[in-house]
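Residue numbers 64 to 489, in our numbering, belong to the letters of the sequence shown in order. Even glycine gets a Cβ: it sits at the ideal position worked out from N, Cα and C. Note that the structure is predicted; figures quoted are calculated from it, not measured.
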Amino acid sequence: MSDSIVIKNATIINRTSQLVADVKIENGFVAEVGKNLKGDTLLDASGCIVSSGFVDLHAHLREPGKEEAETIETGSRAGALGGYTALVAMPNTDPPQDSVAVIDFVREQGKRAGLVDVVPSGCITLGRHGESLAPMAELAQAGVTLFTDDGNGVQDAALMRRALEYAKGLGVTLAQHCEVAELTKGAVMNECRCCTDLGLPGWPAIAEELMVFRDIELVRITGASMHFLHLSTKRSVELVRAGKRDGLPITAEVTPHHLSLTEELLSSYNPVFKVNPPLRSTSDIQALKAGLLDGTIDAIATDHAPHPRRDKEMSLDMAPPGMLGLETALGVVLAEGACEIRDIVALMSWNPAKIARIDKAHGCDVAVGNKANLCVFDPELTWSIDINRLASKSVNTPYLGRTLRGRVRHTIFNGLPTVIDGQAQR
Ligand code: DOR
64 MSDSIVIKNA TIINRTSQLV ADVKIENGFV AEVGKNLKGD TLLDASGCIV
114 SSGFVDLHAH LREPGKEEAE TIETGSRAGA LGGYTALVAM PNTDPPQDSV
164 AVIDFVREQG KRAGLVDVVP SGCITLGRHG ESLAPMAELA QAGVTLFTDD
214 GNGVQDAALM RRALEYAKGL GVTLAQHCEV AELTKGAVMN ECRCCTDLGL
264 PGWPAIAEEL MVFRDIELVR ITGASMHFLH LSTKRSVELV RAGKRDGLPI
314 TAEVTPHHLS LTEELLSSYN PVFKVNPPLR STSDIQALKA GLLDGTIDAI
364 ATDHAPHPRR DKEMSLDMAP PGMLGLETAL GVVLAEGACE IRDIVALMSW
414 NPAKIARIDK AHGCDVAVGN KANLCVFDPE LTWSIDINRL ASKSVNTPYL
464 GRTLRGRVRH TIFNGLPTVI DGQAQR
């Protein structure tokens, strides 16, 4: 029998209930919920929420291949500090996640770090080159449930149709990075009035929307399930809303940065604000927030994209797109005040756990007998980033100097604390 942990006086948020109580954890599971519980380790949680741990559908952990930017261990630690108990690892590693060997390696490194469940996604196409399909059946056999070429969209409609047909048969989900590449060549920021004034090549909304439209129609004829990654425009939200109204098996995510930062930030010419898809306009942000409220958008996912200083400090046209997200997601989303705390738990835990098909162990109610993958956070605490204390190996956060609201206090993974009072335990 292992030592017990008791989370004291937290407000427990579950799907159909909310109450203030203690939560006792033993042998990896929730053992008791009630008043005045006793245990070996007591974690104060007064004024805090306890919910199922967060699940990120979109984390670039960079290992194998770009360990200078992040490793599975440093990314996992950043995730734990952000309240996450599971991270879906994106496949644009080197080598890419298109073989069982690489999938097994990523999963093993995740286990070795032991701070979150690292769930490797598989590539849709070999090498993410968009030319021929990855061995999807073999990868599915090895436990992959989410396939994506993220970083690239699958350009070839016939290949995407074939991938969806396979996905349908295998019972897996395809996640699309929606970007028609011909329309974004050399692009740096959202195509808008401000980009012309700044002399920066524009990245049109239609580059995203055309692929959202195409893939919704491909889902309609194949019946396969599809997840839309990092949606950023008003029209994309409208297209997904209409597709859902037709009963299609589609889901969608937005990132904290597309909810909180606008295109004008590029007027600083600072590459920290360069991201794919680009930061958009205030009216796009309003539409994304409306999508969160009416259920069109199912999840908030970070698109955590660490890059070494040396790369991010190049000129705007040369610097790679991407920003950190794991340690700040909750603080950004709560500071935006876009939705209620209960909705945030749904968007950051319950729904993504279901989309990643890991909902037996993650995104479960805080209830006796369920796996203890939990997040305890103070929804009111304001804070700002100390760049020297980030767990991530990279520092490309766009939120320096901003006041964030809501901070993770404790994270419990598999019944053990990975974070206590905001400090990583390993
Ligand atoms: O900004 C981004 N960075 N968007 C992506 O889709 C890929 C990511 C990366 O890997 O750096």
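Check	Outcome
First and last residue of the alpha helix (DSSP H) that includes Ser-139?	135-144
DSSP puts Tyr-147 in a beta bridge; with which residues?	Phe-117
Using the beta-carbon count (16 or more within 10 Å), is Gln-160 buried or exposed?	buried
So what does DSSP say about Asp-347, is it helix, strand or coil?	helix
I'd like to check one pair, Asn-433 with Val-118: are the Cβ atoms closer than 8 Å?	no
Check the C-beta distance from Leu-356 over to Cys-402 and give it rounded, since I have them as a contact under 8 Å.	6 Å
Could you please go through the chain and list the residues whose beta-carbon is closer than 6 Å to any non-hydrogen atom of the ligand DOR?	His-123, Asn-155, Asp-213, Gly-214, His-240, Val-338, Asn-339, Asp-366, Ala-368, Pro-383, Pro-384, Gly-385
Is His-321 helix, strand or coil by DSSP?	helix
Using 10 angstroms around the beta-carbon of Val-179, count the other beta-carbons present and answer buried if the total reaches 16, otherwise exposed.	buried
Would DSSP call Ala-362 helix, strand or coil?	strand
Under DSSP, the alpha helix (DSSP H) around Pro-415 begins and ends at which residues?	414-418
What does Lys-71 pair with, by DSSP beta-bridge criteria?	Asp-107
Going by DSSP, name the residue or residues bridged to Thr-236.	Leu-209, Ser-288
My assumption, with CB atoms under 8 Å, is that Thr-211 sits in contact with Pro-264. Please give the rounded CB distance.	Not confirmed; about 26 Å, so no contact.
Please list the terminal residues of the continuous beta strand (DSSP E) segment that includes Ile-483.	479-483
Return the residue from the list Cys-257, Ala-454, Ala-305, Asp-219 that minimises the CA-CA distance to Thr-314.	Ala-305
Indicate the three-state DSSP secondary structure (helix, strand or coil) for Met-377 in the structure shown.	coil
Using three-state DSSP, classify Val-303 as helix, strand or coil.	helix
Taking DSSP's pairing of strands, which residues face Cys-438 in a bridge?	Ser-114, Thr-474
Spatial neighbours of Glu-228 within its chain, please: C-beta separation below 8 Å, excluding the five flanking residues on both sides.	Thr-285, Ala-287
With burial defined as no fewer than 16 other Cβ atoms inside 10 Å of the residue's Cβ, what is the status of Arg-470: buried or exposed?	buried
Tell me whether the region 95-105 and the region 439-458 touch, counting them as touching only if at least three CB pairs, one residue from each stretch, are closer than 8 Å.	no
By DSSP, does Gln-504 sit in helix, in strand, or in coil?	Lying before the first or after the last residue shown, residue 504 is absent from the chain, which here runs from 64 to 489.
Exposed or buried, Asp-219, counting other C-beta atoms within 10 Å across all chains shown (16 or more means buried)?	exposed
For the pair the region 362-375 and the region 122-131, tell me if three or more CB-CB distances fall below 8 Å.	yes
Where DSSP assigns a beta bridge to Leu-467, which residues make up the other side?	Trp-446
Could you give the distance in angstroms between the alpha-carbon of Gly-190 and the alpha-carbon of Val-96?	48 Å
Give me the Cα-Cα distance between Asn-414 and Ser-65, rounded to the nearest whole angstrom.	31 Å
Which residues does DSSP pair with Gln-218 in a beta bridge?	None, per the DSSP bridge assignment.
Measuring alpha carbon to alpha carbon, tell me which of Asp-484, Asp-380, Asn-99, Glu-171 ends up nearest Gly-249.	Asp-380
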